[in-house]
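Going down the list, the sequences are from chains A, B, C and D. For what it's worth, the numbering used here labels the leading residue of the first sequence as 1, then goes sequentially. For what it's worth, the numbering used here labels the leading residue of the second sequence as 374, then goes sequentially. For what it's worth, the numbering used here labels the leading residue of the third sequence as 747, then goes sequentially. For what it's worth, the numbering used here labels the leading residue of the fourth sequence as 1120, then goes sequentially. Where is the CB? At the ideal position from N, CA and C, for every residue including glycine. Comments concern the structure below.
Number of protein chains: 4
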Amino acid sequence: MAGDAVRMSRAAVIPAPNAPVEVREVPLPELEDGAALLRMEFSEVCGTDLHLQQGLLAETPYPLIPGHANVGVIEEVRGAVADVAGRAIECGQRVTFLDVHGTCGACWFCLVAKASTRCPSRKVYGITYGAEEGLLGGWSEYVHLRPGVRIIPLPEGLRAETVIGGGCGLPTAFHAVDRSDIHMAETVLVQGTGPVGLSCIAFARLRGAAAVIAIGAPQRRLDAARRMGADLVLDLDATTAAQRRDAVLAATEGRGADTAIEASGSPAAVPEGLDLVRDGGTYTVVGQYTDHGAVPINPHLQINKKHVDIRGVWGIDYSHLHRAIVMQQRYNDRVGWERLITHRFDLDHANEALEAVRSGEAIKAVICPWGVS
Amino acid sequence: MAGDAVRMSRAAVIPAPNAPVEVREVPLPELEDGAALLRMEFSEVCGTDLHLQQGLLAETPYPLIPGHANVGVIEEVRGAVADVAGRAIECGQRVTFLDVHGTCGACWFCLVAKASTRCPSRKVYGITYGAEEGLLGGWSEYVHLRPGVRIIPLPEGLRAETVIGGGCGLPTAFHAVDRSDIHMAETVLVQGTGPVGLSCIAFARLRGAAAVIAIGAPQRRLDAARRMGADLVLDLDATTAAQRRDAVLAATEGRGADTAIEASGSPAAVPEGLDLVRDGGTYTVVGQYTDHGAVPINPHLQINKKHVDIRGVWGIDYSHLHRAIVMQQRYNDRVGWERLITHRFDLDHANEALEAVRSGEAIKAVICPWGVS
Amino acid sequence: MAGDAVRMSRAAVIPAPNAPVEVREVPLPELEDGAALLRMEFSEVCGTDLHLQQGLLAETPYPLIPGHANVGVIEEVRGAVADVAGRAIECGQRVTFLDVHGTCGACWFCLVAKASTRCPSRKVYGITYGAEEGLLGGWSEYVHLRPGVRIIPLPEGLRAETVIGGGCGLPTAFHAVDRSDIHMAETVLVQGTGPVGLSCIAFARLRGAAAVIAIGAPQRRLDAARRMGADLVLDLDATTAAQRRDAVLAATEGRGADTAIEASGSPAAVPEGLDLVRDGGTYTVVGQYTDHGAVPINPHLQINKKHVDIRGVWGIDYSHLHRAIVMQQRYNDRVGWERLITHRFDLDHANEALEAVRSGEAIKAVICPWGVS
Amino acid sequence: MAGDAVRMSRAAVIPAPNAPVEVREVPLPELEDGAALLRMEFSEVCGTDLHLQQGLLAETPYPLIPGHANVGVIEEVRGAVADVAGRAIECGQRVTFLDVHGTCGACWFCLVAKASTRCPSRKVYGITYGAEEGLLGGWSEYVHLRPGVRIIPLPEGLRAETVIGGGCGLPTAFHAVDRSDIHMAETVLVQGTGPVGLSCIAFARLRGAAAVIAIGAPQRRLDAARRMGADLVLDLDATTAAQRRDAVLAATEGRGADTAIEASGSPAAVPEGLDLVRDGGTYTVVGQYTDHGAVPINPHLQINKKHVDIRGVWGIDYSHLHRAIVMQQRYNDRVGWERLITHRFDLDHANEALEAVRSGEAIKAVICPWGVS
């Protein structure tokens, strides 16, 4: 970044709902005290990016630079910027950061309920920050890390591809599995074999489940589910609900799964999941990030008589990302998160990236803002 | 009980689904070792008794002597019978007992899941024991307390009317409130002002809720709700769902209830309750004891984004009854459970008792097998 | 505050360890944006103030203005200052505030462990802020509420005397009882009848304990313990440890207390408390705020074989004060926290205030910086 | 077992405290309805057996047949005997069983506290049953499985040596790790590298700890600790307490272990462990099975200010053994519990077996009642 001539960043921008992504030049920020500039390496393409492009999320501030899960190298630091252990963030460090920014620490949800994911002040890089506020999304050569952004230097031995292979599904799945409070020796069912579901499988296994059953499609993802640790995979496209129920009961001495985790995005998965979890079990709902309407649920049979514990999981906080990265460093040799990356695109092919996600062809597509090497 | 002439007991019997209750003579049991004979004072008439008479519960063993919440005086004891503290049960003691009997202590649910309410061996006095098995329901002059029945002598100062005024709703509500894990200073919403809901109000208050809101009807029950500790009552018959939502939000700084407990029996209460609980709150479903079909629930808005914890509560175990009785002894001066009793009937008027419950005229109707004094 | 002449505040200052308190004139602050000026009404005199005067706390920044539990009226506000619900703080409001200030929200303890009481950045009004940093203690006519101080307007009907009668022991006891996770119908033992112990008794009762036993002295405090809700009080000065053990076992069918809370400050209370809690019970240690050395504990008999859960409780966060105030508003009619105030002193008699606490003559002494009315 | 001639069993018996073990002939039982006869394959030699021989446990019913962790083959069944899933136990099946027998299911601890390990009726094979009551310990050719003994057929693929390699430390460690409630990505410290400590290491790893540190001795056990999953081992014999503290802090960014588990049996480990766990962490005490006296603990520094959670763990119930066996079946390929067996003895060399345990020469010694193959 020497001289005035390079102080622009190319960025892929969604101009408006349903408009194709286009590449624009956006000025680099004047760093405030406590800010940093990130030279991007990888940004994720996730289902939420598709929903943003399709105009499905309320209050999206178009034009928007997508990209909320990111890895890059620190290019510039202004003033004191540190990680949670108080170590200075330095130029040249490879880092990721929490997309959630600006949690206030002063409201009822932050201070009394201790539910910071419900803080009304929270902003999200690549989702609720618009392009007019600056380089605040990862589909860009550079990202502006504002003061207070929580930055995590990648620990020794952890590759950028491993982190971005997990993507935003990594801390989301971590949160879901953590909140599910799995006990050792349980049988865990995961509904959905997209990025969140696949990381749920991995974490359920690492957390001590004795058996993991996955329901999903297509075959490429079922193969990935097995690699991530599923003992039994059920093909959503090739089975009926009754067949899936028979298979789950057969695998659990007739009781159903001790814990089930919904990570499918399909409302219909919820009543099916309630039928597949055992009496007194736990059912965690993490995949319903977009409103696809209501489904019929029987309160007597599926909640009350089942004595079930249903837990909604919305968003993540810093702890989930921090601890998920620690787990990757220690256990990626068993999981291989980087193998989830099936497609890479540069900024000029961001529309193709969205299409690869939409079609289900990709397990995980990533944007390489400086070009696919 | 001297001589052969008294060895029959009058009992009110449901002969078959939808048939009127009739009084029959049933022989008194030969007590086995570890058994006792209870001379009844009060038996409850609860909504489940109505459902039994209407044939709404699967696998009911007609003919049946109803009555699963009971108080009486020990008439005879055979061999060693003791309470949980190991004190001998003696003739002349006034007692209640847990209707659930025969939990096996040997199956996967008892031993591994530690969810004894799901034990397949459990039997329930007045519900799953039929009249052909003996005097195993409380609408009778005498009840046969088989070996292993958990008997609780009423502690000093606790009246029979107070215990039966709580009825089976007392331990059920205790379980629901206990499982709701209310924190001090929370606002708790209770949906339903029948016997379970009214005891939920009382226990939520005793457990440290700062405010209790009740939704119910008719006026007589709303008045009772206030006496049991509700700060705000909303008349289900005189308000729309939107009005109730406005009232709950107004009472909670716009957030909704921290904890809501469904004790209404109406499936429609469940989606409404999910709209009334705050983000990150807890919703306990205890009132759906009969299958009244499915209702539409939106997994995105009502579970996932709400980050809610939904807990089904089925049945009770001994601890709930034991601890509920301890609470009555200590705190009934604040609650006045005996005031819930609005109607008393003898065995010959059991059909009228059911009608008083069906019509909603009664808050709590009781059977006095030896006559209404 | 009209004109230059009144821009000094009288404040009671501890100049150095073991030196008598003296009254000094301290300049009023220039308020920063987000700050407020509090005209004091009541400040507490607590055991920690005595320890500060005696030089028992490490790293105390003498000279020091004590006073960490405070109530006053907002005199001036600069810029946007709001409570946790986002409502503006306004001149003329009667408020209290959290003494803990400056929790960073950026360190490992704040973000990963979610244990903000262990945040290394936290400062405490009246304890870790010295007089040279300004009017940051309550034994003063005015207090400087820096930006970020968490202010709570007293809710309608809650008197200043009630809040200061609870003092810093109020949120501390709230935290201890909250962390003890008392179940309804338990017997709770509280060791210590100073301000923390007395509020523990009140909250244990409000939280659903069926019986509360208190151990303490002298008689004046035992009388207060009964008024706060203790069913049984044991005089520490008039009983042996064996007699106390006999009394606790007699009150618990021979088992010991389900939950015990140490709020005595005496190390010897800890092994005694472990002997008084039942097998499988919970023992919360909240009273050991100063290092008085080690005591012998038998790991086999008092921890392992007892299957006990021992919980240390250090400090408070905002939620504890917020929720304690809500509880006071709702339930003070049962408790009467203001009755704990036995002594009032003006700034010129601060040394007498400390002596009243040291001697145990006072239950609760308060400083009235503008004079005792 | 055809004919009268074989109806005796050779068994190793401790005749009295401090007397050498001797082999006796004990008659085989007449099986009651619901009982079974087990032909033994392996019985464990554990530290408790040594304490029994040394007379260190109160109320031991000498003469005694030791052996509370056992694997064998069902030789005979009388009447209906089933596992927790209701499947009949059949002759020829290889099984283990829970040594705890006779939990009453009727007392306050079983029913109200739900703490069956505190049930006063519980008996333990090889510990609280004396030889005069029959073949109720595993150092014998045959064991009498009384009605109600909880029997677990070894699942397919799980070898007898793997189960006995875990021994009684397997479910004990499972209970300790389960009760420690480890969160993913934590650093767990295990004090002690005997059988309980080694299984704690394995389960902490399987439960999602990111790092496991072990303190123990001698070298053979430290090598085993590494094989079981420890990342860092500290030699108790070659380090000072200060050196161990430096090492633990260095491995945890200066904070100490998130969770520490005491499995050493030495009282001095408890204050050291409290110094090694971080503020707000959890400390589980499972190794103090015998009374070795008191140690000094500082309530201010080591409990209150540390905000620590200390959990005593006494005994096991069926769920711990059941779930531990499920974990072995699934994960033994990572752990290799059978490799803990270092010594095998027949009944005639039981004294040598005890000596191998006493000297610390053995990690795990087993008795092969029919001879070492």
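Neighbourhood of residue 837 of chain C by C-beta, 7 Å cutoff - its chain only, sequence neighbours within 5 removed: 820, 821, 822 and 823
What are the partner residues of residue 309 of chain A, as DSSP defines its beta bridges? Residue 309 of chain A pairs with A/282 and B/684.
Within chain D, partners of residue 1047 of chain C - CB distance below 7 Å: 1410
Provide the residue span of the alpha helix (DSSP H) that contains residue 594 of chain B, from first to last. Counting along the chain, the alpha helix (DSSP H) containing residue 594 of chain B begins and ends at 592–601.
Nearest to residue 96 of chain A by alpha carbon, out of A/61, A/160, A/156 and A/48? A/160
Taking the beta carbon of residue 205 of chain A as the centre, do at least 16 other beta carbons fall within 10 Å, making it buried, or is it exposed? The residue in question, residue 205 of chain A, is buried, as its Cβ has 16 or more Cβ neighbours within 10 Å.
Under 9 Å, CB to CB, which of the residues in the stretch 1452–1486 of chain D have a partner in chain A? none
How would you list, in chain order, the residues of chain C whose beta-carbon sits under 7 Å from the beta-carbon of residue 1371 of chain D? Here the premise fails: no neighbours, minimum Cβ distance about 10 Å.
Where the beta strand (DSSP E) containing residue 715 of chain B begins and where it ends: 714–718
Any residues in the stretch 1208–1240 of chain D with a beta carbon nearer than 8 Å to a beta carbon of chain C? Which ones, in chain order? 1227, 1228, 1232, 1234, 1236 and 1237
Using a Cβ-Cβ distance under 8 Å, would residue 1299 of chain D count as near chain B? no
Looking only at C-alpha atoms, which of A/135, A/189 and A/106 sits nearest to residue 10 of chain A? A/135
Under 8 Å from the C-beta of residue 306 of chain A: neighbouring residues of chain B: Those are 685 and 687, listed as they occur along chain B.
Excluding the 5 residues flanking residue 321 of chain A on each side, which residues of the same chain have their C-beta closer than 6 Å to its C-beta? 98 and 171
Any 3 or more C-beta pairs closer than 8 Å across the stretch 927–941 of chain C and the stretch 950–968 of chain C: yes
Out of curiosity, what's the CA-to-CA distance linking residue 849 of chain C and residue 1022 of chain C? In this structure, the straight-line span from the alpha carbon of residue 849 of chain C to that of residue 1022 of chain C is close to 37 Å.
Buried or exposed: where does residue 640 of chain B fall if 16 or more other Cβ atoms within 10 Å of its Cβ makes it buried? buried
C-alpha gap between residue 1381 of chain D and residue 1399 of chain D, whole angstroms: 17 Å
Determine which residues of the stretch 690–705 of chain B have a Cβ less than 8 Å from any Cβ of chain G, and write them out in chain order. Absent from the structure is chain G; the protein chains it does hold are A, B, C and D.
Going along the chain, which unbroken runs of the beta strand (DSSP E) with 3 or more residues stay wholly within the stretch 48–130 of chain A? 70–77 and 94–97
Using a Cβ cut-off of 8 Å (strictly closer), state whether residue 504 of chain B contacts chain C. no
Can a CB atom of chain A be found closer than 8 Å to the CB of residue 400 of chain B? no
On a Cα-Cα basis, can you pick out the residue from D/1184, D/1455, D/1492 and D/1421 that is closest to residue 1470 of chain D? D/1184
Closer than 8 Å by beta-carbon distance: list the chain C residues that pair up with residue 166 of chain A, in chain order. The contacting residues do not exist; residue 166 of chain A stays about 18 Å from chain C at best.
Within the chosen definition, does the stretch 1024–1042 of chain C reach the stretch 1053–1069 of chain C through at least 3 CB pairs nearer than 8 Å? yes
Tell me the residue span of the alpha helix (DSSP H) that contains residue 553 of chain B. 542–553
Interface residues of chain C facing residue 579 of chain B [CB-CB closer than 7 Å]: 930 and 954
Determine the extent of the alpha helix (DSSP H) in which residue 1385 of chain D is found, giving its start and end residues. Element bounds for residue 1385 of chain D: n/a, residue is neither H nor E.
Could you give the C-beta distance for residue 818 of chain C and residue 784 of chain C, rounded to a whole number, given that I count them as a contact under 8 Å? The C-beta distance from residue 818 of chain C to residue 784 of chain C rounds to 4 Å, short enough to fall under 8 Å.
Identify the contact partners of residue 458 of chain B in chain C, using a Cβ-Cβ distance below 7 Å as the criterion. 999
Taking a Cβ distance cut-off of 9 Å, strictly less, list which residues of the stretch 35–50 of chain A are near chain D, in chain order. none
Rounding to the nearest angstrom, what Cα-Cα distance links residue 787 of chain C and residue 1091 of chain C in this structure? 12 Å
Tell me whether residue 1120 of chain D sits in a helix, a strand or coil according to DSSP, three-state version. Interpretation of residue 1120 of chain D is limited by its pLDDT of 43, a score under 50 that renders its predicted location unreliable; the figure taken from the coordinates is listed afterwards. Reduced to three states, the DSSP call for residue 1120 of chain D is coil.
Between which two residues does the beta strand (DSSP E) holding residue 1307 of chain D run? 1306–1310
What does the Cβ neighbour count give for residue 1428 of chain D, buried or exposed, with the cut at 16 atoms within 10 Å? By the Cβ neighbour-count rule, residue 1428 of chain D is buried, with 16 or more other Cβ atoms within 10 Å of its own.
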